[in-house]
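Quick note: the sequence shown uses the working numbering, first residue 2, plus one each step.
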Amino acid sequence: MEKSPEELEKELESASKHYSEEKFWDKLTKFAKKAGSSVVYAVLLLYFTLQKPEVPAKTKAIIIGALGYFILPFDLIPDVAAAVGFTDDLGALGIALLQVAMYIDGDVKSKAKEKLKDWFGENVDTSEIDHKIS
């Protein structure tokens with residue numbers, strides 16, 4: 002059963018208490034390959050947008066909630082579940098991306114793509130997510 006935007010927003014708000022820079026990089030490093038390039042790209046876009054000083058506090062709260070949900074060890078679908086473990090994370094990340102898309106610029110995309118190369122090599126297709134947020 003799909004959740005309403007209001008339900009997802011409440012979950013993101015609750016999940017924000019799980020966000021920290023250290024937990025973020027630990028989880029991303031540990032699960033990057035398993036999560037896949039789309040999830041990692043979405044996470045990195047949010048992370049690098051969060052670093053921009055001009056992003057308003059409300060927008061940063063949305064990002065922190067989504068990244069907290071990503072970090073959260075117990076979510077709707079456990080991340081250790083083969084093939085589907087990160088689908089709920091991608092849903093939450095996707096909603097956050099759409100809400101903060103106006104702050105995702107070429108610099109943010111460039112930083113995210115550069116970091117993607119560490120885990121997935123040179124030829125990562127980010128066009129699906131790029132298209133959704135442009």
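Idealized CB from N, CA, C, for every residue including glycine.
Only a predicted model underlies this, so the values are computations on that prediction, with no experimental measurement involved.
Straight-line gap, residue i to residue j (C-alpha atoms, nearest Å)
{"i": "Y20", "j": "A97", "result": "15 Å"}
{"i": "E123", "j": "Q100", "result": "28 Å"}
{"i": "E129", "j": "K24", "result": "27 Å"}
{"i": "F46", "j": "V109", "result": "Residue 46 is actually Leu in this sequence, not Phe. Computed Cα separation, rounded: 6 Å."}
{"i": "K115", "j": "T60", "result": "In the sequence as displayed, the identity of residue 115 is Glu instead of Lys. E115 and T60: Cα-Cα distance of roughly 24 Å."}
{"i": "A93", "j": "K118", "result": "24 Å"}
{"i": "P79", "j": "F32", "result": "Legend: pLDDT at P79 = 48, less than 50; position of this residue unreliable, no value from coordinates given."}
{"i": "S135", "j": "A102", "result": "7 Å"}
{"i": "I65", "j": "G37", "result": "21 Å"}
Opening and closing residue of the alpha helix (DSSP H) in which residue i lies
{"i": "H132", "result": "128-134"}
{"i": "S45", "result": "The sequence shown places Leu at residue 45, not Ser. Here the alpha helix (DSSP H) through L45 covers 38-51."}
{"i": "K114", "result": "107-121"}
8 Å Cβ cutoff, residue i in contact with chain C
{"i": "K110", "result": "Structure shown: chain C not included; a single protein chain is present."}
Nearest neighbour of residue i, chosen from the options [CA to CA]
{"i": "E55", "options": "D131, V125, V44, I105", "result": "I105"}
{"i": "K35", "options": "V125, W120, D131", "result": "W120"}
{"i": "K112", "options": "T50, G37, I65", "result": "T50"}
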